[in-house]
Amino acid sequence: MAFYDVYAHPALVRYKTSVCTKATLFLCVVLGLTYVSPLLVAYRSHGFWVSRSSYEEQPAVRFQYQTLLVAATSTRGDHVAWSTFPHLNNMLGANLRIPSVSVREEDQNQDGKADLLFFQLQLPLKDEEQVYSVQLLLTFSYKLLRMSTVVMQSLAFVQHSSPVPGARLWVSGDLRLQQRTPLPHRGLHDVYNVRPPLVVSCPHLHGTFRDPETPAACRGSPDTGPCAAGALGPCAAGP
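Residue numbers (the working numbering): 26 to 264.
Take a look at the structure:
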């Protein structure tokens, strides 16, 4: 049996809503999880499957105003010395000379980190004294904060000797980090943030100077023999 159209009426249905709905919020969340979260993971992980990477960071270095100076005044082993540690100066006796010291730190790019240190020292001498060699120790605080949090005490060692006496010495150098093992990327690494004791060995003086705030612990007698060999010549100091 065949069927025929008797009556037809078209119908149009429209559904309207505002933009601020739960469906719009759900769509934004889905788009954010789809596109933004992979970018954040890639940024925080510094790339995928990275086998080797490097970065540069300027450390925060500050001079600690702790100094030790030893100057040889003859080729026979005579010397004069000075330090910022009062107890060590008392041990030097007649070999102590108080110099005039001028220190200035300069921040060239105004980033809050010192870039240069200007250290000037004038040592008073007697008329018959001349300087043949100079050895100088300067202490610094060293901090890394970007990838690894490292806080430590560092040391600058200046040494110069000449067969003929001199009246002035000018030195320009860089303070660099010599890394032997990978630094930890979590937590605070402050293994080297300590003040090591200074082992002092001078003629007629044998003792250990541990800290400027604590008394010096001297041992031995003043007639124990010649000076022991050390990195600083007649008056040796080291960690």
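Glycine included, every Cβ here is placed at the ideal spot set by N, Cα and C.
Note that this is a predicted model, so its numbers are computed, not measured.
Residue range of the unbroken alpha helix (DSSP H) whose run includes residue i
{"i": "MET116", "result": "111–117"}
{"i": "THR49", "result": "47–69"}
Neighbourhood of residue i by C-beta, 7 Å cutoff - its chain only, sequence neighbours within 5 removed
{"i": "GLU154", "result": "THR98"}
{"i": "LEU200", "result": "VAL86, PHE165, SER179 and ALA181"}
{"i": "GLN91", "result": "THR109 and THR164"}
{"i": "GLY191", "result": "VAL156"}
{"i": "LYS151", "result": "none"}
Straight-line Cα distance separating residue j from residue i
{"i": "PRO228", "j": "LEU117", "result": "Only weak support exists for where PRO228 lies, its pLDDT of 43 falling under 50; the coordinates are left without a value."}
{"i": "ASP236", "j": "VAL95", "result": "Interpretation of ASP236 is limited by its pLDDT of 44, a score under 50 that renders its predicted location unreliable; the figure taken from the coordinates is listed afterwards. The alpha-carbon atoms of ASP236 and VAL95 are separated by roughly 19 Å."}
{"i": "THR174", "j": "TYR157", "result": "42 Å"}
{"i": "THR42", "j": "VAL55", "result": "20 Å"}
{"i": "LEU113", "j": "SER186", "result": "24 Å"}
{"i": "PRO240", "j": "PRO111", "result": "With a pLDDT of only 34 at PRO240, under 50, the local geometry of the prediction cannot be trusted, and the value read off the model is given with reservation. So the alpha carbons of these two residues sit roughly 10 Å apart."}
{"i": "VAL126", "j": "PHE144", "result": "7 Å"}
{"i": "VAL70", "j": "LEU37", "result": "Position check: residue 70 holds Ser in this sequence, whereas Val was assumed. Their backbone Cα atoms lie some 53 Å apart in a straight line."}
{"i": "GLY198", "j": "ARG171", "result": "25 Å"}
{"i": "LEU142", "j": "GLY212", "result": "30 Å"}
Boundaries (first-last residue) of the beta strand (DSSP E) holding residue i
{"i": "ARG87", "result": "85–97"}
{"i": "LYS168", "result": "156–169"}
{"i": "TRP107", "result": "104–108"}
{"i": "ARG129", "result": "125–131"}
{"i": "THR174", "result": "174–191"}
{"i": "LEU142", "result": "141–147"}
Is it the case that the segment 133–143 contacts the segment 76–92, given that we only count it when at least three CB pairs across the two stretches are under 8 Å? Two segments are said to touch when three or more pairs of C-beta atoms, one from each, lie closer than 8 Å; by this definition the segment 76–92 touches the segment 133–143.
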